[in-house]
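*Asks:*
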Amino acid sequence: MSLFDDKFSRRGVLKTGLVGAAAATAPFHFVRGASAADYLNMPKGKSVTFGFNVPQTGAYADEGADELRAYKLAVQHINGEGDGGMLNTFSSKALKGDGVNGKKVEFVTGDTQTKSDAARASAKRMIEKDGAIMITGGSSSGVAIAVQGLCQEAGVIFMAGLTHSNDTTGKDKKANGFRHFFNTEMTGAALAPVLKNNFGTDRTAYHLTADYTWGWSQEGSIKKYTEKLGWKTAAAVRTPLGAGDFSQYITPVLNSGADVLVLNHYGKDMVNSLTQAVQFGLRDKQVNGKDFAIVVPLYSRLMAQGAGKNVQGIYGSTGWHWSLTDEGSKAFVKSFGKAYGFPPSQAAHTCYVQALLYADACQRAGSFAPCDVLKALEGFKFDGMGNGPTEYRAEDHQCFKDVLVVKGKENPTSKFDVLEVVEVTPRAQVEYPADLLGGELGSCNNGA
Amino acid sequence: MDAILLQILNGLDKGAAYALIALGLTLIFGTLGVVNFAHGALFMLGAFCAVTVGKLLKYETVKLDPTQTTPWGSPAEIRTPIVEEWFGDFGALMIDYSVPFSILFAIPIMLLLGVLMERGLIRFFYKRPHADQILVTFGLAIVVQEIIKSQFGANPIPQAAPALLAGSADLGAVLGFDPGTVVYPYWRIIYLLFSALIIGIVFAFLQFTTYGMVVRAGMADRETVGLLGINIQKRFTVVFGMAAVVAGLAGVMYTPILPPDYHMGMDFLVLSFVVVVVGGMGSLPGAVAAGFLLGILQSFASMNEVKNILPGIDQIIIYLIAVVILLVRPRGLMGRKGVMES
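So the protein sequences, as listed, match chains F and Z.
For reference, each letter of the first sequence is one residue, going 1 to 448 in my numbering.
For reference, each letter of the second sequence is one residue, going 1001 to 1342 in my numbering.
#1: Quick one: give me the first and last residue of the alpha helix (DSSP H) that alanine 1289 of chain Z is part of.
#2: Look up threonine 204 of chain F in the DSSP assignment and give the residues it is bridged to.
#3: Compare the C-beta of tryptophan 1086 of chain Z with all C-beta atoms of chain F and state if any pair is closer than 7 Å.
#4: Can you tell me which residues form a DSSP beta bridge with arginine 1079 of chain Z?
#5: Any beta-carbon of chain Z closer than 7 Å to the one on proline 252 of chain F?
#6: Considering only residues of the segment 38-66 of chain F, which uninterrupted beta strand (DSSP E) runs meet the minimum length of 3 residues and lie entirely inside it, listed in chain order?
#7: DSSP on alanine 434 of chain F, reduced to helix/strand/coil?
#8: For chain F, is any of its Cβ atoms less than 7 Å away from the one on valine 1183 of chain Z?
#9: Would you say tryptophan 1187 of chain Z and lysine 334 of chain F are within 7 Å of each other, going by their C-beta atoms?
#10: Which residue from F:Asp396, F:Asp402 and F:Gly366 puts its Cα closest to that of glycine 102 of chain F?
#11: Using 8 Å for Cβ pairs, my map puts alanine 210 of chain F next to threonine 169 of chain F. What's the rounded Cβ distance?
#12: Quick one: list the residues of chain F neighbouring leucine 1171 of chain Z, beta-carbon separation under 9 Å, in chain order.
#13: Isoleucine 1157 of chain Z versus chain F: which residues are under 8 Å apart at the beta carbon?
#14: Here's a check: name, in chain order, each residue in its chain whose Cβ is nearer than 8 Å to the Cβ of leucine 1327 of chain Z, leaving out the five neighbours to either side.
#15: Leaving out the 5 sequence neighbours to the left and right, which residues in its chain are closer than 7 Å to threonine 1237 of chain Z when beta-carbon positions are compared?
#16: Excluding the five sequence neighbours on either side, which residues of its own chain have a C-beta within less than 6 Å of the C-beta of aspartate 1002 of chain Z, listed in chain order?
#17: Taking just the CA atoms, how far does tryptophan 214 of chain F sit from lysine 415 of chain F?
#18: Would you give the residue range spanned by the beta strand (DSSP E) that isoleucine 127 of chain F belongs to?
#19: Cutting at 6 Å between CB atoms, please list the residues of its own chain near glycine 99 of chain F, excluding the five before and the five after it.
#20: Name the DSSP bridge partner or partners of methionine 134 of chain F?
#21: By the three-class DSSP mapping on this structure, what secondary structure does asparagine 101 of chain F have?
#22: What is the DSSP secondary structure of threonine 16 of chain F, counted as helix, strand or coil?
#23: Can you find the residues in the same chain that come closer than 6 Å, C-beta to C-beta, to aspartate 435 of chain F, ignoring five residues on each side of it along the sequence?
#24: Helix, strand or coil: which one does DSSP assign to glutamine 113 of chain F?
#25: Quick check on this structure: which residue in Z:Ala1041, Z:Phe1268 and Z:Gly1282 has the alpha carbon closest to the alpha carbon of leucine 1032 of chain Z?
#26: Taking proline 426 of chain F as the reference, which of F:Gly313, F:Thr163 and F:Leu404 has the closest Cα?
#27: Could you spell out where the alpha helix (DSSP H) holding leucine 1192 of chain Z opens and where it closes?
#28: Listing by chain order, which chain F residues have their CB less than 8 Å from the CB of lysine 1014 of chain Z?
#29: Sort Z:Phe1029, Z:Asn1010 and Z:Ala1016 by Cα distance to valine 1277 of chain Z and report the nearest one.
#30: How is the alpha helix (DSSP H) around valine 1274 of chain Z delimited, first residue to last?
#31: List the residues of chain C that phenylalanine 280 of chain F touches, going by C-beta distances under 8 Å, in chain order.
#32: Could you please give me the residues that DSSP links to glutamine 312 of chain F through a beta bridge?
#33: For the structure I just gave you, are there three or more beta carbon pairs, one from the segment 348-358 of chain F and one from the segment 151-165 of chain F, closer than 8 Å?
#34: Any C-beta of chain F within less than 7 Å: which residues of the segment 1058-1083 of chain Z qualify?
#35: Taking the beta strand (DSSP E) that proline 297 of chain F belongs to, which residues open and close that run?
#36: Name, in chain order, the residues that DSSP records as bridge partners for glutamate 420 of chain F.
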């Protein structure tokens, strides 16, 4: 008699053994997800943990600090502390100020350092070690795309912070990722009519572009929309990120025949290139009988403060501004100003809204399972969050809302009062077909 | 031709900053034999001397205006700089000229910081390998920049040139080109002249004073100078302080060109080291010449005509030149024979 005759074959035992060995050596979170939970990091106690991944060091540390302030305020409001902020004006009334799904919201933080690898490492740590149910934040498109990819693989929702490249919800979009902030395509669509009204259709533009994903995206969008107006493009020059002194890139503009300089720079690069362009007399120059113009497609109020008087009269776009007078913006500015003594930035706004939107979606879904939250967010229409009626488009997880065209203020009344809103571009004007920017969402991942 | 002239001016301007930092680096290496990776931090600290003076001069009295409120409900603030309250128009003038005024503040501060750095840390590493020196000075630079970031934040802080010098000079009209074709900011021209003056003062000090002569003798043969009963170490400490002052002044005057932030020292440090290597380790004229040369080459490499043929050349040109120089002439353009060649 053989041990392997009827019930057991040698091959069968080997197969079983291999499967058993594979299960025993599988990463802990796979096993945990498979055996004890429906999804990764399913909260079991009385609290749920959000993961705030923001730049706490590096070039965008100030922007990151503002994001963190906003997140802390959002957590307070979700848990029923403080004055409630935008929860009072938010069109959805699912959140009652008693946490989410009966659980108090707690948070952990990570430092992206505005470096993709560091941002992924901190997000991974928050997911695997701290049990974060979701990840949100960031101040760079490169970082957002990297962290979004990680969240998709891990199986948690990623609510992007400040990321403006088309790619985040374009070619690199992911089912588990959602962006409230606008993108370069919308900037182009919003800015073009204002540029036409102020500078006409017979213009020649010279682009200086930060040499990375966001810069290319911004340059492409502005070229596309200005060339539609009839503008010509004299040159589009790529500049290294963090170049510091841009004089060698600015001087060729002087005699290029261009009468508009488009600075596709953000942050420190924007401050430096704009300051130096003004020093070289470009703002006061006349070319072909026209006043030379400088355009900064994406403004950040925090950064504009760094450029001082040089921003005066210069057009750009921004996601949100504290001077807006709708009820949602007023409520947020009041809460934030009371807590910190100064108005919030656009980064703070988008992060605050993302935290509330996520919490609201969980509450409406009655679950923290990423695929349930995804269903609650897809196609969700809301108002009272500062940008008019807004929709999270299901096809690409991009929010569609009004976009602000702003100008550096000529007579600022305080150091925060550097930009003035010249036009609120309606959502319909910046909407585009979902397939325009390419990419595939793929399917949602619960991480289990 | 006007484009070439503009790039030469850009190169000279950029080269002036490289030369001033590299000059200090070379002075320290030539006298103390220390590779000081914290030298960029001294440049940054100089810039923050200007920021500090600017902040002090703009220190404001705050009065609350109960008739107006902020969007978050607190009374609006009316802010007035104290110096304007005290001195009226002269106070406003002091604020306007805060950057040149900062020089007076930066000289003693940077001298003190330089001496403290040398006595407090660097001297313990004289006999240690260069790798140890690089590690400790690099660590020091990181500590300094993190302190500055904690105090001043991460964003650039603009410092305006005096209103009188904020515009641009139309050099085209002066040099026989069409008016408006060669326009260059006044402050950049001043920076170039200022750098030339500082370089001239350092060279004159070393060349024409007894103190400088002893320092040069110490650089050539430290042991013999010591045998003559001269405390060369004390003089080298002063030289370290002087190098710190040169870097600091370069930083002060650079603030209207580049709004300073905590990281600006690191941005310049690596390039300045390349300048020192290309010029020749320990060679003061080499550091100055290489600074201007590399500044000009970097500017030309950024021209569209060049970038169209060699994309990205503007980002690697300096390192490319350094590689070529190290391969062909390891001691650098004006380095002493034998240095870096064995």
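Using N, Cα and C, we set each Cβ at its ideal position, and we do this for glycine too.
*Replies:* The relevant details are as follows:
#1: If you number the second sequence from 1, residue 1289 of chain Z lands on position 289. First-last of the alpha helix (DSSP H) with alanine 1289 of chain Z: 1284-1301.
#2: By 1-based counting over the first sequence, the position of residue 204 of chain F is 204. Paired residues: F:Lys232.
#3: Residue 1086 of chain Z sits at position 86 when you count from the first residue of the second sequence. Tryptophan 1086 of chain Z does not count as touching chain F.
#4: Stepping through the second sequence from its first residue, residue 1079 of chain Z is reached at position 79. Paired residues: Z:Val1062.
#5: Translated into positions along the first sequence, residue 252 of chain F becomes position 252. Yes, contact with chain Z.
#6: 47-54
#7: Counting from one through the first sequence, the residue named residue 434 of chain F turns up at place 434. Three-state result, alanine 434 of chain F: coil.
#8: Along the second sequence, read from residue 1 onward, the residue named residue 1183 of chain Z stands at position 183. Chain F, which has a Cβ nearer than 7 Å to the Cβ of valine 1183 of chain Z, makes this yes.
#9: Residue numbering aside, residue 1187 of chain Z sits at position 187 when the second sequence is read from its first letter. Residue numbering aside, residue 334 of chain F sits at position 334 when the first sequence is read from its first letter. No.
#10: Walking along the first sequence from the start, residue 102 of chain F turns up at place 102. Comparing Cα positions, the closest option is F:Gly366.
#11: In the first sequence, the residue the question calls residue 210 of chain F occupies position 210. In the first sequence, the residue the question calls residue 169 of chain F occupies position 169. Going by Cβ atoms, the distance from alanine 210 of chain F to threonine 169 of chain F rounds to 20 Å, so no, they are not a contact pair.
#12: By one-based count along the second sequence, residue 1171 of chain Z stands at place 171. The premise fails here: leucine 1171 of chain Z is roughly 11 Å from chain F at the closest Cβ pair, so nothing lies under 9 Å.
#13: Start at 1 with the first residue of the second sequence, and residue 1157 of chain Z comes out as number 157. The contacting residues are Gly306.
#14: Taking the first residue of the second sequence as 1, we reach residue 1327 of chain Z at position 327. No residues qualify anywhere along the chain.
#15: Counting from one through the second sequence, the residue named residue 1237 of chain Z turns up at place 237. Closer than 7 Å at the Cβ level, and outside the excluded window around threonine 1237 of chain Z, lie Val1115, Glu1118 and Arg1119.
#16: Taking the first residue of the second sequence as 1, we reach residue 1002 of chain Z at position 2. Counting only Cβ-Cβ distances below 6 Å, and skipping sequence neighbours, we find Phe1177, Thr1181 and Val1182.
#17: Walking along the first sequence from the start, residue 415 of chain F turns up at place 415. Walking along the first sequence from the start, residue 214 of chain F turns up at place 214. Each residue's alpha carbon lies about 28 Å from the other.
#18: For the purposes of this step, residue 127 of chain F is identified with residue 127 of the first sequence, where counting begins at 1. Note, isoleucine 127 of chain F: premise wrong, no beta strand (DSSP E); alpha helix (DSSP H) at 116-128.
#19: Position 99 of the first sequence holds residue 99 of chain F. Hits under 6 Å: Asn79 and Val105.
#20: Within the first sequence, residue 134 of chain F is the residue found at index 134, counting from 1. DSSP lists F:Phe50 and F:Ile157 as partners of methionine 134 of chain F.
#21: Working through the first sequence from its first residue, we reach residue 101 of chain F at position 101. Coil at asparagine 101 of chain F, not helix or strand.
#22: In the first sequence, the residue the question calls residue 16 of chain F occupies position 16. Confidence at threonine 16 of chain F is low in this model, with a pLDDT of 48, below 50, so the placement of that residue should be treated as unreliable; the coordinate-derived value is given next. Looking at threonine 16 of chain F - three-state DSSP - the assignment turns out to be helix.
#23: On the first sequence, residue 435 of chain F is found 435 positions in, with the first residue counted as 1. Closer than 6 Å at the Cβ level, and outside the excluded window around aspartate 435 of chain F, lies no residue.
#24: On the first sequence, residue 113 of chain F is found 113 positions in, with the first residue counted as 1. Coil, per DSSP.
#25: Along the second sequence, read from residue 1 onward, the residue named residue 1032 of chain Z stands at position 32. Of the candidates Z:Ala1041, Z:Phe1268 and Z:Gly1282, the one whose C-alpha sits nearest the C-alpha of leucine 1032 of chain Z is Z:Gly1282.
#26: Numbered from its first residue, the first sequence carries residue 426 of chain F at position 426. Out of F:Gly313, F:Thr163 and F:Leu404, F:Leu404 has the C-alpha closest to the C-alpha of proline 426 of chain F.
#27: Taking the second sequence and counting its residues from 1, the one referred to as residue 1192 of chain Z is at position 192. From DSSP, the alpha helix (DSSP H) with leucine 1192 of chain Z extends over 1186-1208.
#28: Position 14 of the second sequence, counted from the first residue, corresponds to residue 1014 of chain Z. Simply Asp245, Ser247 and Gln248.
#29: Residue numbering aside, residue 1277 of chain Z sits at position 277 when the second sequence is read from its first letter. Considering only alpha carbons, the answer is Z:Phe1029.
#30: Within the second sequence, the letter at position 274 stands for residue 1274 of chain Z. Membership of valine 1274 of chain Z in the alpha helix (DSSP H) is indicated by the continuous run 1264-1279.
#31: Absent from the structure: chain C. Protein chains present are F and Z.
#32: To locate residue 312 of chain F, count along the first sequence from 1; it is residue 312. Looking at the DSSP output, glutamine 312 of chain F shares a beta bridge with F:Gly408.
#33: yes
#34: For the segment 1058-1083 of chain Z, which is checked against every Cβ of chain F, the residues closer than 7 Å are Thr1070, Pro1071, Trp1072 and Gly1073.
#35: Taking the first residue of the first sequence as 1, we reach residue 297 of chain F at position 297. Per DSSP, proline 297 of chain F belongs to the beta strand (DSSP E) from 293-298.
#36: Looking up residue 420 of chain F in the first sequence gives position 420. Per DSSP, F:Lys407.
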